[in-house]
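One point on numbering: in my numbering, the residue at position 217 of the sequence shown is 755, and numbering is uninterrupted. We put the beta carbon where it would ideally sit given N, CA and C, even for glycine. Structure record follows, encoded as structure tokens.
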Amino acid sequence: MNKPCMLSLRDLSHIKIGEDTSHLYFPKSFDDLINLYQKYHNTNKIIPLGGCSNILFGNTEHHVLISDKYIPWKFILEKTKEDNNLLTISPNININVLIKKLAEYNLGGLEFLSGIPANMGGLVAMNAGAYQKQIGDYVHSIKVANQDGIKTFRKEDCHFSYRKSSINGFIVEITLNVEKVDKGIVLSKMRENIDKRRQSQPLNMPNIGCFFKNPENNSAGRLIDSCGLKGYAVGDAMVSYEHANFLINKGQASFKEMLTLIDKIKSEVKRKYNIELELEIKIINE
Ligand SMILES: Cc1cc2nc3c(=O)[nH]c(=O)nc-3n(C[C@H](O)[C@H](O)[C@H](O)COP(=O)(O)OP(=O)(O)OC[C@H]3O[C@@H](n4cnc5c(N)ncnc54)[C@H](O)[C@@H]3O)c2cc1C
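This is the structure:
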């Protein structure tokens, strides 16, 4: 049933910022999901939600937020004639759960994403990546739902680029190419990558990963750091000491404080380097 839930977006959001909303839906079937698109696509901005590890919520009054939480679960492995391993999954599988599950079959390839607190739908929509690899390279095809029903798109139709895709609608199914890798290797790569993240990222504080995209041949974190902004705070919104591209919530940071901090960083980097930083995170507001 498509009843909206009254919930605090603060609880949902990985950075623990957000107001109460009555525009949040948890469809349990594809029909429910399509009905929501049909009902609201002309009047509201519809936002699919995964792990909310890359979203900053502001005023969501005019949005319809749709969670992937109860989308029908799927995990199907298939070997093709070319000895390629195709994996078909639902979007709501957490990447770390998936990597461990694939390891049981001596399959892998996705370990570069280990430690990211995200779901597969969000990772594919954002073409998430790390260590010069991106999830789009592993996508075979996806199924996307919207007001017109469900359509299949091949990888080429998704136009994956740096933290971007052209996907418009709710990803309900993802088919990936996965590689034959020994279980032990998968698990040790996973541990290694998680350790690296622990050493360089403020994982003990609410955050949503890197706020800004890296400008070409440059690092947003290094630029912010060299502007002397590590530790700079607006209320409880602060530039992390561990990684300058991570903005953290020290406790009760508000949306407005985060926006002020973002503006400060952008203007300092522009003033010192004449570089316009572009946001990597998604701001849902008005
Ligand atoms: C500690 C930490 C480390 C991180 N490290 C990395 C990193 O190394 N590399 C990297 O790229 N990112 C990183 N991120 C950012 C984030 O995890 C990724 O952007 C990820 O892709 C977001 O996935 P999600 O499920 O949380 O999506 P959400 O944050 O819920 O949504 C992100 C975007 O995807 C869309 N979306 C979500 N689900 C669907 C769906 N089913 N269908 C269509 N659209 C959908 C949303 O509408 C939104 O536009 C990190 C975040 C954190 C908190």
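(message) Contact defined as beta carbons within less than 8 Å: I believe residue 618 pairs with residue 711. What is the distance between those atoms, to the nearest angstrom?
(response) About 17 Å; that fails the 8 Å criterion.
(request) Pick out whichever of 635, 684, 578, 674 has its Cα sitting closest to the Cα of residue 567. (result) 684
(message) When you compare the CB positions of residue 658 and residue 614, do they come within less than 8 Å of one another, or not?
(response) In this structure, residue 658 sits away from residue 614, with a CB-CB distance that is not shorter than 8 Å.
(request) Within the same chain, show all residues whose beta-carbon is closer than 7 Å to that of residue 806, passing over the 5 residues directly before and after it, in chain order. (result) 765, 767
(request) With a threshold of 16 other CB atoms inside 10 Å of the CB of residue 635, please say whether the residue is buried or exposed. (result) exposed
(message) I'd like to check one pair, residue 814 with residue 826: are the Cβ atoms closer than 8 Å?
(response) The first residue shown for the chain is 539 and the last is 824, placing residue 826 beyond what the model contains.
(message) Closer than 8 Å is the cut-off here; do at least three beta carbon pairs connect the stretch 639-650 with the stretch 714-722?
(response) yes
(request) Look at residue 745 and residue 784 and say whether their C-beta atoms are less than 8 Å apart. (result) yes
(message) Going residue by residue through the stretch 607-655, where are the continuous beta strand (DSSP E) segments of at least 3 residues, counting only ones entirely within it?
(response) Those beta strand (DSSP E) runs which fall completely within the stretch 607-655 and span 3+ residues are 613-617, 623-627.
(request) Return the chain-ordered list of same chain residues with a C-beta closer than 8 Å to the C-beta of residue 558, the five sequence neighbours on each side being excluded. (result) Result list for residue 558: 544, 545, 546, 547, in chain order.
(request) Kindly examine ligand 1 and report whether one of its heavy atoms sits closer than 7 Å to the Cβ of residue 552. (result) yes
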